[in-house]
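Worksheet: the structure to be examined is printed underneath.
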């Protein structure tokens, strides 16, 4: 048996926001899996800010997507054919499936999901890469201590919303930053002590007002002016966790750096980057911790699910940079 | 008895490079010391890049010098009168004496110098604050490991030259950066494996050529384009030690930040600031380590000594930013 799969390939490298003509949408026939392989019918695709970086032809923590390749994307789906002993037809799995309807992958690159714990979209969000990123970024890189003051940007997003809730569960004072009144209202629902709308401007003043004694941890998903505002409002010994810089991902030249970086000296503080893949061996620990919080209700996992199938991928990706999502953004196929 | 002391007071806050009219040079009578105090005839004044920061009316790691105050400065000198049991007339001491000929200070703020180990100017350089800064910045903040690749800027300066030599003694590959052929030649004499003249431009390429596998530690005294060049050439797990940013100290607005700061993410690296005063309890450890290197010849302590007395202080300070010094810059009174 074969399956006809619509797929999204990179046609050319984008400048700025990836327009439709960056992509070729094609169909291909997917054959029965070879030995050790599995064919997955993809049901949900993950949309991640990091995807924008993967489109640039530069040395980074992961090779760029090449012209002509199917776009790299995490996802979940159902096994429709298996030549791997660990996977049976009907199993629901997750992995880097790519932006396509059917994916043939080595069985060992797929993980079977526990749908009793959470639905598929949550396995791409709080229990997926964003959740892992939040957990290890905050606890390992940020060296979170109970009761500290934590500032988190893109706090209504997939990573930020988990950061905020883990910090709250650790007795921290949490200040979330997001764009627009709806997201700010949601941050308060999540338990943030303060919620800042970055669209209201004067970020240095807003952060100072929310954290008059300064912040111990700034978990940065956005870069730009908010990073400078955070640097101006650190406490002694603060940690700035560099997780992302979405405000600059579509810039056509390298955006300005943080002018206030010498605050790191004044406050004896550090700024440190990380890549979640380095913690792969410890994902079970994070899944257990976040899963337990989901079960006891101390963590709300939220996703924004877009419809439209794989052909809607280009538009969905742009939506991420427009902030259409609250929580994790996924595309249903 | 009294002493007539010429002193340099801050008259107004500078914009840019501190011109002569930033200072008032006045004379005052110094009386016999009160109980617990000591009168020191200042012999050498330390000139430090950090002084420029002390002139700005901003919150920092130390209060700014106030208008009308004698300029803060480290120095050495001879006790000419003492009402403190630990200090006798004729002792040679060091402390924050200020830019003046005679200083009255509490005895406990002065340290008696061991002139058998080194001369007074060296006690302001390799055995003074710059040496302490090099030692703790490199070993504690930089977490130096034997055999690593270390890049250091202002490597012909007071701090950088000690950083380079400690790193060499630890079996590191050391790349020093300085301005002009004389300083570069001196860096090679000191044992630097590579010496870069920043005036030759294209710093990213120069650093890449000197450290094709990247650097483990960048000890930053300068900021500016060299910081970006270093960030572009890190190794995984690298540490950027923020010690200073002399390239921007005279700027009239906040200089640009490091555009390449997201390299910290790609390389899982950290950038961390520190203030040497935090290590005050451990100065004896650093003095012992550096003193031992001076004795066995593995560390060359060099100073550039300017003449001209306290009235030459304003010009001497500007000289620091013009790079007139090799090694520590001191002014003889």
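Protein chains in written order, with the working numbering: chain A, 3 to 335; chain B, 3 to 335.
Glycine included, each C-beta is placed from N, C-alpha and C at the ideal position.
Legend: CB atoms of the segment 22-53 of chain B lying less than 8 Å from CB atoms of chain A are not found in any residue. Secondary structure at residue 163 (chain B): helix, using DSSP grouped into helix, strand and coil. For residue 182 (chain B), same chain residues with a beta-carbon under 8 Å away, outside a window of 5 residues either side, are 199, 201, 325 in chain order. Taking the Cα of residue 166 (chain A) as reference, the smallest distance to any Cα among A:228, A:223, A:121 is reached at A:223.
Contact residues of the segment 267-286 of chain A toward chain B are 267, 268, 269, 270, 271, 272, 273, 274, 275, 276, 277, 280 (C-beta to C-beta distance below 9 Å). Boundaries cannot be given for residue 278 (chain B), as no alpha helix (DSSP H) includes it and DSSP labels it neither H nor E. Under the DSSP definition of a beta bridge, residue 330 (chain A) partners with A:305. With the criterion set as a beta carbon lying under 7 Å from some beta carbon of chain A, the segment 321-332 of chain B has no members that meet it. Think of a sphere of 9 Å around the beta carbon of residue 260 (chain B): the chain A residues whose beta carbon falls inside it are 259, 260, 263, in chain order.
Around the beta carbon of residue 305 (chain A), 16 or more other beta carbons lie within 10 angstroms, which makes this residue buried. For residue 126 (chain A), no Cβ of chain B is located within less than 8 Å of the residue's own Cβ.
By the criterion of a C-beta distance shorter than 8 Å, residue 261 (chain B) is surrounded in its chain by 230, once the five residues flanking it on both sides are discounted. Residue environment analysis places residue 329 (chain B) among the buried positions, since at least 16 neighbouring C-beta atoms fall within 10 angstroms of its C-beta.
Neighbours of residue 62 (chain A) across chain B, judged by C-beta separation under 8 Å: 268. Contiguous beta strand (DSSP E) elements confined to the segment 219-296 of chain B occur at 236-244, 272-275, taking only those with 3 or more residues. Beta-carbon to beta-carbon, residue 221 (chain A) and residue 243 (chain A) are separated by about 5 Å, close enough to satisfy the 8 Å threshold. Judged by their CB atoms, residue 44 (chain A) and residue 99 (chain A) are nearer to each other than the 8 Å cut-off.
Within chain A, the residues whose beta carbon sits less than 7 Å from that of residue 247 (chain B) are 264, listed in sequence order. Fewer than three pairs of CB atoms, one per stretch, sit closer than 8 Å, so the segment 138-150 of chain B makes no contact with the segment 114-129 of chain B. In this chain, the beta strand (DSSP E) harbouring residue 108 (chain B) covers 104-108.
The beta carbon of residue 162 (chain A) sits closer than 6 Å to those of 154, 156, 223, all from its chain and outside the five residues before and after it, given in chain order. Contact annotation, residue 4 (chain B) with residue 33 (chain B): C-beta distance approximately 5 Å; criterion of less than 8 Å satisfied. For residue 294 (chain B), the closest of B:269, B:236, B:120, B:255 by C-alpha to C-alpha distance is B:120. Judged by beta-carbon spacing, residue 115 (chain A) lies beyond the 8 Å limit of residue 80 (chain A), meaning their Cβ atoms are not closer than that value.
Within its own chain, the residues whose Cβ lies closer than 8 Å to the Cβ of residue 82 (chain B), once the five positions on either side in sequence are excluded, are 5, 41, 42, 43, 91, 104, listed in chain order. Within the same chain, and ignoring the five residues on either side of residue 140 (chain A) in sequence, the residues whose Cβ sits closer than 8 Å to its Cβ are 146, 152, 165, 168, 169, 219, 221, 243. Burial check for residue 315 (chain A): the Cβ neighbour count within 10 Å reaches 16 or more, so the residue is buried. Restricting attention to B:253, B:87, B:267, B:249, the CA atom closest to the CA of residue 245 (chain A) is found in B:267. Under the Cβ criterion of 8 Å, residue 192 (chain B) is not counted among the residues facing chain A.
Note that the C-beta distance between residue 135 (chain B) and residue 312 (chain B) is not below 8 Å. Chain B has no Cβ within less than 8 Å of the Cβ of residue 57 (chain A). Excluding residues up to 5 positions away in sequence, 128, 164, 167, 168, 171, 292, 295 lie with their Cβ nearer than 8 Å to the Cβ of residue 301 (chain A) in the same chain.
Within chain B, the residues whose beta carbon sits less than 8 Å from that of residue 244 (chain A) are 263, 264, 266, 267, listed in sequence order. Counting the other CB atoms within 10 Å of its CB gives residue 317 (chain B) a total below 16, which places it among the exposed residues.
Here residue 228 (chain B) has 155, 179, 200, 205 as same chain residues with Cβ atoms under 7 Å from its own Cβ, once five neighbours each way along the sequence are excluded.
Proximity of residue 107 (chain A) to chain B, defined by a Cβ-Cβ separation below 8 Å, is not satisfied.
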